[in-house]
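Number of protein chains: 2
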Amino acid sequence: MTVTLTAKRTLTASSGVRLNLDNINPHVKAAKYAVRGELAVKAEEYRVKLAQGDKSLPFDSVIFANIGNPQQLDQKPISFFRQVLSLLENPSLLENPEALRTSFGYQQDVIDRAKTLLADVQSVGAYSHSQGAPIIRDSVAKFIEERDGFPAKPQDLYLTGGASSGVSTLLNVICDGPSAGVLVPIPQYPLYTATLSLLNAQCVPYHLEEHRAWGTDVNAIRENLAQAKAAGTDVRAIVVINPGNPTGASLSAEDIKGVLDLAAEEKLVVIADEVYQTNVFTGEFISFKKRLRQLQQEVPGKYDNVELASLHSVSKGMVGECGHRGGYFELVGFDPEVAAQVYKYVSIMLCPPVIGQCLVELMVNPPKEGEPSRAVYEKEYNGIRDGLRKRAFALYEAFQRMEGVECQEPQGAMYLFPTITLPPKAVEAAKAENRAADEFYCLRLLDATGVCVVPGSGFGQKENTLHFRTTFLAPGTDWVERIVKFHSEFMAKYK
Amino acid sequence: MTVTLTAKRTLTASSGVRLNLDNINPHVKAAKYAVRGELAVKAEEYRVKLAQGDKSLPFDSVIFANIGNPQQLDQKPISFFRQVLSLLENPSLLENPEALRTSFGYQQDVIDRAKTLLADVQSVGAYSHSQGAPIIRDSVAKFIEERDGFPAKPQDLYLTGGASSGVSTLLNVICDGPSAGVLVPIPQYPLYTATLSLLNAQCVPYHLEEHRAWGTDVNAIRENLAQAKAAGTDVRAIVVINPGNPTGASLSAEDIKGVLDLAAEEKLVVIADEVYQTNVFTGEFISFKKRLRQLQQEVPGKYDNVELASLHSVSKGMVGECGHRGGYFELVGFDPEVAAQVYKYVSIMLCPPVIGQCLVELMVNPPKEGEPSRAVYEKEYNGIRDGLRKRAFALYEAFQRMEGVECQEPQGAMYLFPTITLPPKAVEAAKAENRAADEFYCLRLLDATGVCVVPGSGFGQKENTLHFRTTFLAPGTDWVERIVKFHSEFMAKYK
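Protein chains in written order, with the UniProt record's numbering: chain C, 1 to 495; chain S, 1 to 495.
Below you can see the structure in the form of structure tokens.
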């Protein structure tokens, strides 16, 4: 009886209502976002089961290696940041600075910073300017100037709710309809393809070179561009993720010049996703803005018309505060009338979270040498940096030991993106389940070990290659060993 | 020489770059959002001038009555909320609860709540579930159940970054192309028309009845609907803002039934923007969910297929924490497959700000009777409520004194939306400046008094009527007198 009732209700709900899968926005339906897809949902179900005391699973913890979410795992927030934020949330604490200092170790620079920020934003509960609070944009401009050695202006900066909303804003303004195209690296972070799907615009893929540490091959990009143009696509922009996601690659000055040459020659807006700019293990991070300004000095005229939007975020790096949704983008070389439209667009959503904006300020303007919070800041910052490097290489070494797995040496970001070569029997078994082979592998991995990674198909990969993306954020080596053991059993089973 | 150089640069920047006003997304260009438009920008410029010591202006402060931004003006945040948030930002304070209690008045319920929330979210710097942290959705479901007397389920709830992003999500999923239409009240909060512009979907306006306290006239809606259908528009949803923005109206049970009848008969998704649900001066707030469930009991069958999305926010009410960007929507009666698409859509932006989510939890689950923080909470909450009522009526009374100004008695929300009748000479003067007459009036008001309000044309109004929207958040009566004095001089000038 109950069954019948439930069935009836379900039928009614699905049949009679206005909206169904076939009449909603088809572009929403078409969008794909694997990072939080089926595997992530299943992993969350396992987590809940374990938390409820379920003993039936063959593992005792879920490892969320599918998403760059540092503080969900082991990473502690940086004390200076959080001390300032706690004062911003409860300014009445500021009225008792003596007690603060003595009881809780709030140094004078923490108190001063909170006061300075509050003097500008009034309250973190008030809307700010739609581009972000003026004082915060001033600090970001100074940070960019110091990083690059070239001027930056607060009026060109747009604070955002994480870099994702910045990307969405930029693509919304740039894409004018179904013929508009944007060059996107493959593999890529699926935000780009998903947003282009939503806008019904064209993703024009260009493959990164796995054998050359996932670098860019400008000649290959030129070919993709020519093909897209021939097919009638109006290619307007190129996305570069540097350091790379999911690849972890850190681009050389020469690779960046190649992209800027192309942008200048082909009139492409450059969208430089630089959220991993402090997650660099080998060499140094070079911003697109810096390289552009250098080239503009070296070859006067040639690069004057390049439009660059460069994004940064509090989510990654040693900050790792993705739950706060803070970030910014800088517009370089944009027509002021277009910038005014960007302003109007962001103003419709009023403003990014103000506490997240304040965190951006703290990230770009941390305690300086000689200031009271500096020593602890430095210790925490370096500890996180060294831990990430250590974990990256531990994972890399584990992959070296695994049959049929090849991985580029860690360079940056928070990810490794190994190639896996699976036996034909495994590929057949996947086909029988109507799944991509890498998805099949990742699902089995999750079921057997509780380790959640994302199949390469979620990011795009060259035909006839298989990958998965894993973060190296999870602490310890136990979970890495779980992968090694699973892999060897999997390979044996399908040999 | 300098002039020439600057001119040349401007020319280069505007002529040679890829993007210009004529080739960006035309739907972004077409979107209008007056709340943060020309007047707001000018008001901000005046504010900066005054802050820099400029004495040339005929006023000594700018009053931002253009936007519901309580904490920018006078409203203090509620202590319980901010105390918990400060502990969430700096959990190390929790390790010293004794000192906390003695030095800073953190009551035990503050400490307990922070611990409970942290046990679920782990860190406010970590991404949460894309629909929002489970514990927070549990609290929201309980709140809705208690408010309405009908069950609510956490899985039907979607935490958002303010109600605006929720509206954007819903309209993105609902609108499937240029023929899709959504019924929107006129006057309306321009988020709706702007988002429909961005989606290249049709706004189907229906006029609210000013003479009936801005109530809804279902017969008029039916006419608008029929006309839109005849013109080929596929009308899919109806937006209701209750209590109203910009009108301040609070809908009766009968008006709500009228809308739900229409939705049931015409298969319209109901988008109930209920962010002002606690800002009600006369009568009581009735949620669309409650009314729907009542009607479903009263007339079995008739309302089973109604889909309702109901929105709430931490930005308004006595909370007033708009800078934190927190909110939620509940989906009622949606096809689970459509809900899955809503989930995927929000997951592309990862999650709403976690500290804002926690604030939603505190809003819906404030200290209860007998708990240590209750007395202060109640005092603060009631103080804000009474202050808003007092200011609303003071402003209303001032409008009564003004020639050619008519205003409905305050009922709710944070706004008054008076009609103004301007002399023909003023209308001509506006025309000469190529401006709508109400825009002309508001601009003169700002220039003369520093009071920034929004012209009725920014919200939509019946042809041949003029209005402006003002919040009643600003403290004191000085600014109200500035309006009265300006108005009388303006009327005399153009008599």
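Note that the Cβ used here is the ideal one computed from N, Cα and C, for glycine as well.
Remember, predicted model here, so these are calculated numbers, not experimental data.
query, result
"Straight-line gap, Q108(C) to V84(C) (C-alpha atoms, nearest Å)", "11 angstroms"
"Those residues which DSSP pairs with Y158(C) across a bridge", "F329(C)"
"Chain-order list of residues whose beta-carbon lies under 7 angstroms from that of N350(C) (same chain, five-residue window excluded)", "Looking at the sequence shown, residue 350(C) is not Asn but Leu. Only Y127 and S130 meet the Cβ criterion."
"Pair within 7 angstroms by beta-carbon distance, L19(S) and V338(C)", "yes"
"Cα-Cα separation, T421(C) to D217(C)", "24 angstroms"
"Given 8 angstroms, three or more beta-carbon pairs between the stretch 75-89 of chain C and the stretch 133-142 of chain S", "no"
"C175(C): contacting residues in chain S (beta-carbon distance under 8 angstroms)", "N25"
"Contacting residues, own chain, Cβ-Cβ under 6 angstroms from E307(C) (five flanking each side not counted)", "V269, G333 and F334"
"Whole-Å CB distance - E361(S) paired with I67(S), under 8 angstroms assumed", "Not really, about 26 angstroms apart at Cβ, beyond 8 angstroms."
"Contacts of V204(C) in chain S (Cβ-Cβ under 9 angstroms)", "Those within 9 angstroms of V204(C) in chain S number zero; the least Cβ separation is about 15 angstroms."
"9 angstroms Cβ cut-off: residues of chain S touching K431(C)", "What K431(C) touches in chain S: nothing, since even the nearest Cβ is about 25 angstroms away."
"Inter-residue Cα distance where the pair is D386(C) and L93(C)", "34 angstroms"
"Where the alpha helix (DSSP H) through V259(S) begins and ends", "A253 to E266"
"Integer-rounded CB distance, given that L39(S) should sit under 8 angstroms from K49(S)", "Not quite, the Cβ-Cβ distance comes to about 16 angstroms (not below 8 angstroms), so this is no contact."
"Cβ-based contacts, 9 angstroms cut-off: residues of the stretch 123-140 of chain C near chain S", "S123, V124, G125, A126, Y127, S128, H129, S130 and P134"
"From G161(S), G181(S), L395(S) and K493(S), residue whose alpha carbon lies closest to that of I24(C)", "G181(S)"
"Own chain residues within Cβ distance below 6 angstroms of R401(S), not counting five before or after", "none"
"K462(C) beta carbon less than 7 angstroms from that of H207(C)", "yes"
"When E254(C), A201(C) and P185(C) are compared against E210(C), the one with the closest alpha-carbon", "P185(C)"
"Buried versus exposed call for A34(S) [16 or more other C-beta atoms within 10 Å across all chains shown]", "buried"
"Residues that S162(C) contacts on chain S, provided the C-beta gap is smaller than 8 angstroms", "Just to set this straight, residue 162(C) is Gly in the shown sequence, not Ser. Neighbours of G162(C) on chain S, chain order: M349 and L350."
"Partners in chain C for D54(S), counting only beta-carbon separations shorter than 8 angstroms", "None at all; the shortest Cβ gap to chain C is about 16 angstroms."
"Selection of the stretch 312-342 of chain S by Cβ proximity to chain C, strictly under 9 angstroms", "V314, S315, V319, G320, E321, C322, G323, H324, R325, G326, G333, F334, D335, P336, E337, V338, A340, Q341 and V342"
"Closest Cα partner of A436(C) within the set L446(C), Q408(C), T465(C) and P410(C)", "T465(C)"
"Where K379(S) meets chain C, residues with beta-carbon distance less than 9 angstroms", "Per Cβ cutoff of 9 angstroms: no residues; K379(S) is ~15 angstroms from chain C at best."
"Contact under 7 angstroms by Cβ, V346(C) with T195(C)", "no"
"Span separating the alpha-carbon of M491(S) from that of G162(C)", "49 angstroms"
"Residue environment, P243(C), which counts as buried when at least 16 other CB atoms sit within 10 Å", "buried"
"Span of the alpha helix (DSSP H), counted from its first residue to its last, around F472(S)", "That residue, F472(S), is in no alpha helix (DSSP H); it is neither H nor E in DSSP."
"Closer than 9 angstroms at the beta carbon, the chain S residues around V218(C)", "By Cβ distance, chain S contributes nothing, its closest Cβ being about 18 angstroms from V218(C), past 9 angstroms."
"Near-chain S residues of the stretch 290-310 of chain C (beta-carbon distance less than 9 angstroms), N- to C-terminal order", "D304, N305, V306 and E307"
"Same chain, Cβ closer than 8 angstroms to N434(C), neighbours up to 5 away in sequence not counted", "none"
"Coil, strand or helix - D386(C) by DSSP", "helix"
"Cβ of V269(C) within 7 angstroms of any chain S Cβ", "yes"
"Length of the line joining the Cα atoms of G166(S) and A228(C)", "35 angstroms"
"Any C-beta of chain C under 7 angstroms from that of E481(S)", "no"
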